[in-house]
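Taken in order, these protein sequences are the chains called H and Y.
Position 145 of the first sequence, counting from 1, maps to 1247 under our numbering, and the rest follow consecutively.
Position 2 of the second sequence, counting from 1, maps to 6 under our numbering, and the rest follow consecutively.
Using N, Cα and C, we set each Cβ at its ideal position, and we do this for glycine too.
Here is the structure we will look at, set down as structure tokens.
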Amino acid sequence: MGKIVPLSGNSAVAYAVKSADVDVISAYPITPQTTIVEKLAEFIANGELDAEMIHVESEHSALSAAVGASAAGARVYTASSSQGIVLMYEIMFIASSLRLPIVMTVATRALSAPINIWNDHSDFMAVSDTGWVMMMAENNQEAHDDVILAYRIAEDPEVLLPVATALDGYFMTHTIEPIEVIEREDALSFAPKRKTWFTLDPDKPVTIGALGDPQWYFEFKRQQYEAMKKSREVFEKSVEEFAKVFGRRYGAVEYFGDENPEVVLVAMGHVVGNIKAYLSRVRGKDSRAGVLKIKLYRPFPEDLIAKYLEGVKIVGVIDRALIPGSASPGPLHSEVVATLRKHGVDAKTLSFVSGLGGRPVTHEHIGLMFGKLSELKDKPSSELPKEPLFIGVRE
Amino acid sequence: MSGRLPSWKELPIGAVILEPGSSRRYKTHEWRTLKPVINQDKCIRCRICWSYCPEPAILEVDKPYVTSTNRRYEITYMVDYDYCKGCGICAQECPVKAIEMVPEVR
């Protein structure tokens, strides 16, 4: 097994990309993603990684070049944050529709304005409608492992979709933790490089990116839907195999807390760790509370979420992004509400919007949220607030 | 297109086209409302329409032509009406106004 070294989240990601033996890296620097690509440039300069680094003039070009390289059959990597992610938006749809297994890391950061380089999930949520498989890590080890998982899932012939892995800006990207590094040999035996998709080859010419008129377009969208559905099965098989090989077990969702909870917080990213710490140290083990971490955001693992939340009195969903005007301005809350309704689970829900623009979600905030859930758990749905509760904003 | 079209399960992944040159079967003339008609007497064989046509639907044919003023040309420019979309660029660019856009009547 690999050795344990202290690494920042970004370095942990870069080491995984190196072990995945990528052929092409195409990226544009943006805080807090920059040091991922800096580290990769260092690996290339040192001769530790044999890859082509394409210096582009924008993130739109970064992903466009990634699309071209992937279409040529390369194992491709890119990474970005915030404004860079939304500048890629147009090409994200093209990458997923052309079914190119690109892997991209989102070092999550707030969106302007006002300009803010700190962490929330606004950029990650902007990816959620683009047809990419999406995962978010809770700690640096997971951010490292997710890259290897991502290549295995993306390049599976039943999937062939781009995968976005995410880690929280600063809270993880610039925070050092001990990491067990997956060595190249192990990474490549877990996620072998094989050309499972149609590539550009002069000896076997194909056309990629042609017009799909009304007679053809719909069928390809239907195909894409199926691929995303399949990616869930492949995810499950991959994490199972990963646990066997590397000894670390991940789930599409992961539950921590009381065995028979009345109140549950649903969250993503580093905040999950904070909630676990709160539950272990502050609230004590006897309370009927828990936290449900969503690791896989696309495809949304609704069956598991419904299973975990069955019998729970009230569910609080923490959103670190805000979509003003939506039926639920918290995008994760929207997904959870739809899931519960669809699966006939009658747990009540509460939407918490917290930690925007890098404001920490502290134990005090988490305590406030659990307090609110306990206070409302026996009230009828009609008496629950219809608006999200903004936790940590100055009123 | 005739006959049964393939279902989503039968099509190549990612809308990739595996057959080279299949776009030849896509006759784009149906898009046209005006068609270019070349006046062979006026045409000076400058090749501008041929180079500007985005399709390309202007054909340079090895076919001699003698004008009414007895000028002989070794080549003739003709329109490929299967693929001409009727965009009118040729008529716009022609320096001697030898191409007229005529309404399609069906």
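Check: Give me the chain H residues within the contact set of Pro16/Y, using Cβ-Cβ distance strictly less than 9 Å, ordered along the chain.; Outcome: Phe1300, Val1308
Check: With a threshold of 6 Å on Cβ separation, who are the neighbours of Arg1201/H within its own chain once the five nearest residues in sequence on each side are excluded?; Outcome: Leu1262
Check: Let me check understanding here. Comparing Cα to Cα, which of Phe1472/H, Ser1230/H, Ala1168/H, Thr1207/H lies closest to Ala1423/H?; Outcome: Ser1230/H
Check: With a 10 Å radius around its C-beta and 16 neighbouring C-beta atoms as the bar for buried, classify Phe1320/H as buried or exposed.; Outcome: exposed
Check: Threshold first: 3 residues or longer. Then list the beta strand (DSSP E) segments lying entirely within the stretch 51-103 of chain Y, N to C.; Outcome: 62-65, 80-83
Check: For Met1155/H, does the three-state DSSP call read helix, strand or coil?; Outcome: strand
Check: What first and last residue would you give for the beta strand (DSSP E) that runs through Ser1088/H?; Outcome: In the structure as shown, chain H begins at 1103 and stops at 1497. Residue 1088/H is therefore absent and cannot be evaluated.
Check: Would you please verify whether the beta carbon of Pro24/Y is less than 8 Å from any beta carbon of chain H?; Outcome: yes
Check: Counting only Cβ pairs nearer than 9 Å, list the residues of chain C close to Leu1165/H.; Outcome: Given the protein chain composition of this structure (H and Y), no chain C is represented.
Check: Quick one: using the 10 Å Cβ neighbour count with 16 as the cut-off for buried, is Asn1376/H buried or exposed?; Outcome: buried
Check: Under 8 Å by Cβ, that's how I've got Ser1456/H and Ile1420/H pegged, so tell me the actual separation to the nearest angstrom.; Outcome: 6 Å
Check: Output needed in chain order: residues of the stretch 1119-1137 of chain H with a Cβ under 9 Å from some Cβ in chain Y.; Outcome: none
Check: Just how far apart, CA to CA, sit Glu1240/H and Asp1480/H?; Outcome: 31 Å
Check: Please list, in chain order, the chain Y residues whose beta carbon lies closer than 9 Å to that of Arg1334/H.; Outcome: Simply none; closest approach about 18 Å.
Check: Give me the residue from Val1495/H, Ser1340/H, Pro1259/H, Leu1478/H with the minimum Cα distance to Pro1487/H.; Outcome: Leu1478/H
Check: Taking Ile1493/H and His1467/H to be in contact with their CB atoms under 8 Å, please state how far apart those CB atoms are, rounded to whole angstroms.; Outcome: 5 Å
Check: Any beta-carbon of chain Y closer than 8 Å to the one on Phe1195/H?; Outcome: no
Check: According to DSSP, is Pro107/Y part of a helix, a strand, or is it coil?; Outcome: strand
Check: Taking Arg1350/H as the reference, give the member of Ala1122/H, Pro1203/H, Ile1217/H, Glu1282/H with the closest Cα.; Outcome: Glu1282/H
Check: Here's the rule I'm using: 16 or more other beta-carbon atoms within 10 Å means buried, otherwise exposed. How should Met5/Y be labelled?; Outcome: Note that Met5/Y has pLDDT 47, beneath the 50 cutoff, so the model's placement of it is unreliable and the number below is only indicative. So Met5/Y ends up on the exposed side.
Check: Verify the CB distance criterion: does Glu1321/H have a CB-CB separation below 8 Å to chain Y?; Outcome: yes
Check: Going by DSSP, what residues sit across from Lys1395/H in a beta bridge?; Outcome: Glu1356/H, Ala1369/H
Check: Between the C-alpha atoms of Ile103/Y and Ser1184/H, what's the straight-line distance to the nearest angstrom?; Outcome: 53 Å
Check: Ordered along the chain, which non-local residues of its own chain (more than five positions away) have a Cβ less than 7 Å from that of Lys1332/H?; Outcome: Glu1260, Val1261
Check: Compute the Euclidean distance between the alpha carbons of Val106/Y and Pro1304/H, then round it to the nearest angstrom.; Outcome: 42 Å
Check: Could you work out which residues of chain Y lie near Arg1177/H, taking near to mean beta carbons separated by less than 9 Å?; Outcome: Per Cβ cutoff of 9 Å: no residues; Arg1177/H is ~17 Å from chain Y at best.
Check: What in chain H is Cβ-close to Ala61/Y, meaning under 7 Å?; Outcome: Near Ala61/Y there are no residues of chain H at all, since even the closest Cβ is about 17 Å away, more than 7 Å.
Check: Counting only Cβ pairs nearer than 9 Å, list the residues of chain H close to Pro21/Y.; Outcome: A small fix is needed here, since residue 21/Y is Ile in this sequence, not Pro. Those are Val1308, Thr1309, Ile1310, Ala1312, listed as they occur along chain H.
Check: So for Ile17/Y, helix, strand or coil by DSSP?; Outcome: helix
Check: If the cut is a Cβ gap below 7 Å, which residues of chain Y does Arg1201/H touch?; Outcome: Ile17, Gly18
Check: With which residues is Gly1418/H paired in a DSSP beta bridge?; Outcome: Leu1367/H, Leu1452/H
Check: Measuring alpha carbon to alpha carbon, tell me which residue in Ala1118/H, Pro1307/H, Ala1215/H, Thr1301/H is nearest Glu1244/H.; Outcome: Ala1118/H
Check: Leaving aside the five residues before and after Glu1192/H along the sequence, list all residues of the same chain whose C-beta is less than 8 Å from its C-beta, in chain order.; Outcome: His1162
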